[in-house]
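Undergrad: For the sequence shown, the working numbering assigns the number 2 to the initial residue and increments by one for each residue that follows.
In this text, a Cβ means the ideal position worked out from N, Cα and C, and glycines have one as well.
It should be emphasised that the depicted structure is a prediction, and the values quoted were computed from it without experimental measurement.
Okay, handing you the structure first.
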Amino acid sequence: MQRADQKRILKLVPYSEALEKLFEVACIKHIGYETVSVERSIGRVLAEDVTSEVDIPQTDRSLVDGYALKSEDTLEASPKNPVKLRIVGKLYPWSPPNEGVSKGQAVYVACGAPIPQGADAVIEVENTVLRVGEIEIRRLVKAGENIAPAGEDVKKGSLVLKRGEVLRPQDIGILAGIGVRDVKVFRKPRVAIIATGNELVEISRKDPTKIVDNYALIVSGLISELGGIPVRLGIAPDDLSEIKGKISEAVEKADIIVTIGGCSVGEKDFVPDAINSFGKPGIIVHGIKVKPGKVTGFGVVEGKPIVMLPGLIASTLAGFYLILAPLIGLYSGLKKDNVLPVISAKLNQDLQADRTLYRFMPVHVRRVNGAFIAEPIPGGSTSLSRFIKSNGFILVPPNKTLEKGAEVNVTLFCRWELTHFE
Numbered sequence: 002m003q004r005a006d007q008k009r010i011l012k013l014v015p016y017s018e019a020l021e022k023l024f025e026v027a028c029i030k031h032i033g034y035e036t037v038s039v040e041r042s043i044g045r046v047l048a049e050d051v052t053s054e055v056d057i058p059q060t061d062r063s064l065v066d067g068y069a070l071k072s073e074d075t076l077e078a079s080p081k082n083p084v085k086l087r088i089v090g091k092l093y094p095w096s097p098p099n100e101g102v103s104k105g106q107a108v109y110v111a112c113g114a115p116i117p118q119g120a121d122a123v124i125e126v127e128n129t130v131l132r133v134g135e136i137e138i139r140r141l142v143k144a145g146e147n148i149a150p151a152g153e154d155v156k157k158g159s160l161v162l163k164r165g166e167v168l169r170p171q172d173i174g175i176l177a178g179i180g181v182r183d184v185k186v187f188r189k190p191r192v193a194i195i196a197t198g199n200e201l202v203e204i205s206r207k208d209p210t211k212i213v214d215n216y217a218l219i220v221s222g223l224i225s226e227l228g229g230i231p232v233r234l235g236i237a238p239d240d241l242s243e244i245k246g247k248i249s250e251a252v253e254k255a256d257i258i259v260t261i262g263g264c265s266v267g268e269k270d271f272v273p274d275a276i277n278s279f280g281k282p283g284i285i286v287h288g289i290k291v292k293p294g295k296v297t298g299f300g301v302v303e304g305k306p307i308v309m310l311p312g313l314i315a316s317t318l319a320g321f322y323l324i325l326a327p328l329i330g331l332y333s334g335l336k337k338d339n340v341l342p343v344i345s346a347k348l349n350q351d352l353q354a355d356r357t358l359y360r361f362m363p364v365h366v367r368r369v370n371g372a373f374i375a376e377p378i379p380g381g382s383t384s385l386s387r388f389i390k391s392n393g394f395i396l397v398p399p400n401k402t403l404e405k406g407a408e409v410n411v412t413l414f415c416r417w418e419l420t421h422f423e
């Protein structure tokens with residue numbers, strides 16, 4: 002089967018304009034929220050602000066193993082004139098704060114124990130001399146010394162975490178600390194993946210004349226890494242009705258749809274026609290001024306955004322990071338500038354620009370003497386190994402050569418890359 006209309010022309014738009022239109026598309030529908038336990042919330046995106054209903058710590062606490070006392074009792078203390086205080090009790094972190102301190106008294110407190118009523122300071126055990134039933138103190142102890150006051154870490158009524166933040170282990174710790182058991186998060190978007198092409202086979206098949214559908218496997222992994230739920234719908238041959246059938250299935254099963262291959266101007270490129278066959282709005286952008294990846298496009302099918310990724314790996318990944326990644330991030334509840342980390346680095350060599358298009362360039366960033374250095378990783382449009390060797394990318398403006406030592410903004414391929422600069 003061949004396309005009847007062979008006159009399709011790509012209308013390339015600037016990347017910034019494409020992104021603007023993409024965000025308009027993404028606002029068509031919000032995919033909602035869900036409540037999960039704090040223990041299961043790591044890596045999820047908060048759907049509401051979290052305010053503390055308690056002080057942390059909830060009472061004044063000792064920062065050391067020592068003795069709680071009245072600081073005024075130590076005003077005259079010195080090595081030649083030690084002050085003696087009578088020990089009237091002991092407190093531990095689990096103890097109720099029911100002990101009290103009067104003039105001339107002290108209470109032993111373990112680190113983390115509540116401060117007894119009447120005490121305003123704690124002296125370390127090692128700075129006292131223990132006698133039978135009493136301690137000797139040979140220096141002045143200042144009011145507030147070695148005490149963590151109630152609310153020092155978190156004050157009641159204060160904003161602890163903001164909507165749109167990705168929950169980290171330390172965030173989960175603070176949530177548990179203020180007594181939050183369940184948390185409202187954005188639901189993970191389901192992303193349907195449709196690979197197209199007569200030449201493709203599933204990974205389990207062995208045929209030297211065919212190509213393994215590994216691009217869908219890569220895209221699936223990247224979707225998971227960004228917080229989406231990949232839904233692989235298999236391979237659609239280069240047939241208009243077959244592709245339409247897969248898209249219909251995707252509309253029922255997912256929030257976002259992505260196709261791989263079949264979106265250029267060749268006689269077997271049926272994906273744009275399949276999308277437009279569902280009615281308006283159909284294709285919104287087809288072609289962006291970026292190389293590789295210029296045949297990337299997107300539209301809307303029955304209220305669901307659909308992204309068309311090209312079929313050569315360099316173009317596939319360029320389209321993924323430039324178009325699909327921001328869309329997944331937005332549907333996950335992330336802010337537009339918080340989908341992937343961006344760092345500043347210096348180029349280790351000159352980098353030529355394209356005359357009219359932005360250049361999507363994979364780079365390997367490493368830390369050298371405390372500074373980030375970006376090394377461009379060259380390669381052809383079918384080279385997957387260049388992406389294995391890189392950990393981020395830059396966009397080189399058209400008609401502008403970047404010289405060695407120039408500062409560039411590197412978008413990292415994932416959040417975890419921040420910990421792997423070698």
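Straight-line CA distance for LEU427 to VAL296?
TA: Any question about residue 427 goes unanswered here, given that the chain covers just 2 to 423.
Undergrad: Which residues mark the beginning and the end of the alpha helix (DSSP H) in which LYS387 is found?
TA: Reading off the sequence shown, one finds Arg at residue 387, where the question assumed Lys. Residues 386-389.
Undergrad: Using 8 Å as the threshold, is the region 285-293 in touch with the region 225-233, meaning 3 or more CB pairs across them?
TA: Taking 8 Å as the limit for Cβ pairs, the verdict is that the region 225-233 does not touch the region 285-293.
Undergrad: From which residue to which residue does the alpha helix (DSSP H) around PRO273 run?
TA: Looking at the DSSP string, the run of the alpha helix (DSSP H) that includes PRO273 is 272-277.
Undergrad: Is it buried or exposed, GLN106, if we count other Cβ atoms within 10 angstroms and call 16 or more buried?
TA: GLN106 comes out buried.
Undergrad: Three or more C-beta pairs under 8 Å: does that hold for the region 60-76 against the region 105-123?
TA: Short answer: they touch.
Undergrad: Compute the Euclidean distance between the alpha carbons of LEU20 and THR36, then round it to the nearest angstrom.
TA: The straight-line gap from Cα to Cα measures roughly 31 Å.
Undergrad: Please determine, among LYS245, VAL411 and GLU166, the residue with the shortest C-alpha to C-alpha distance to LYS336.
TA: Comparing Cα-Cα distances from LYS336 to each of LYS245, VAL411 and GLU166, the minimum goes to GLU166.
Undergrad: How is ASP183 classed by DSSP in three states: helix, strand or coil?
TA: It is a strand residue.
Undergrad: May I have the straight-line CA-CA distance separating PRO379 from LYS157, to the nearest angstrom?
TA: Cα-Cα distance, rounded: 54 Å.
Undergrad: Using a Cβ-Cβ cut-off of 7 Å (strictly less than) and excluding sequence neighbours within five positions of VAL286, which residues of its own chain qualify?
TA: Excluding positions up to five away in sequence, the list reads VAL14, ALA19, LYS22, GLY298 and PHE299.
Undergrad: Helix, strand or coil: which one does DSSP assign to TYR93?
TA: Three-state result, TYR93: coil.
Undergrad: Residues in the same chain with beta-carbon distance under 7 Å from GLU303, minus the five sequence neighbours each way, listed in chain order, please.
TA: Cβ within range, chain order: VAL252 and PHE279.
Undergrad: With which residues is LYS245 paired in a DSSP beta bridge?
TA: Answer by DSSP bridge pairing: none, since LYS245 is not bridged.
Undergrad: How many whole angstroms separate the CB atoms of ILE395 and ALA372, which I take to be in contact at a CB cut-off of 8 Å?
TA: Not confirmed; about 16 Å, so no contact.
Undergrad: Pick helix, strand or coil for ASN215, following the three-state DSSP scheme.
TA: If DSSP states are grouped into helix, strand and coil, ASN215 belongs with the helices.
Undergrad: Determine contact between the region 344-362 and the region 382-390, defined as no fewer than three beta-carbon pairs at a distance below 8 Å.
TA: Taking 8 Å as the limit for Cβ pairs, the verdict is that the region 382-390 does not touch the region 344-362.
Undergrad: Whose C-alpha, out of GLY152, LYS81, THR197 and GLU54, is nearest the C-alpha of GLU243?
TA: Answer by Cα proximity: THR197.
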